[in-house]
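Read in order, the letters of the sequence shown correspond to residues 0 to 99 in numbering that gives the first Met the number 0.
By construction, the Cβ of each residue, glycine as well, lies at the ideal position given by its N, Cα and C atoms.
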Amino acid sequence: MKKLRLAAVATLLLSGAAHAKEPMKCSPKDKTARILKSANPNDTAPGWKMAIVGTATSFTVTRAVTADTGKYFQGDLISDRGGIIGRNLFILAQEWDCGS
0 MKKLRLAAVA TLLLSGAAHA KEPMKCSPKD KTARILKSAN PNDTAPGWKM
50 AIVGTATSFT VTRAVTADTG KYFQGDLISD RGGIIGRNLF ILAQEWDCGS
């Protein structure tokens, strides 16, 4: 009976992991989207001050931050080829399409 209970618990845990929520992915609305180093619209990340973010670039959200200046997402910037080109960055939510 104990083995049966353990098997049932293991099955529930594994099925929960299989249904874990996918991280939210965002894409820039246009080429004016900014890449930030903090939840501040004037705190542009190094290397992104004059850079254009291509609309094929994506952003994987790890957490949401609400500040006096708006809603931000923190996460990783992903190239159009799928590689990470920036970790632990911020974006201003209104400049990106993040789906539902």
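Exercise. So which of Gln73, Phe58 and Phe89 has the shortest CA-CA distance to Lys24?
Worked result: Residue mapping note: residue 24 aligns to position 25 of the sequence shown, counting from 1. Checking every option, the nearest Cα to that of Lys24 belongs to Phe58.
Exercise. What residue ranges within the region 53 to 88 form continuous alpha helix (DSSP H) runs of no fewer than 4 residues, ordered along the chain?
Worked result: DSSP runs (the alpha helix (DSSP H)) wholly in the region 53 to 88: none.
Exercise. Between Asn39 and Thr68, is the Cβ-Cβ spacing less than 9 Å?
Worked result: Position 40 of the sequence shown holds residue 39. Position 69 of the sequence shown holds residue 68. In contact: Asn39 and Thr68 (Cβ atoms closer than 9 Å).
Exercise. If you draw a straight line from the alpha carbon of Leu76 to that of Ala44, how long is it in whole angstroms?
Worked result: On the sequence shown, position 77 is the one that residue 76 refers to. On the sequence shown, position 45 is the one that residue 44 refers to. Distance between the alpha carbons of Leu76 and Ala44: 12 Å.
Problem set entry | Burial state of Thr56, where buried means 16 or more other Cβ atoms lie within 10 Å | The residue labelled residue 56 in the question sits at position 57 within the sequence shown. Here Thr56 is buried. Its C-beta has 16 or more other C-beta atoms within 10 Å.
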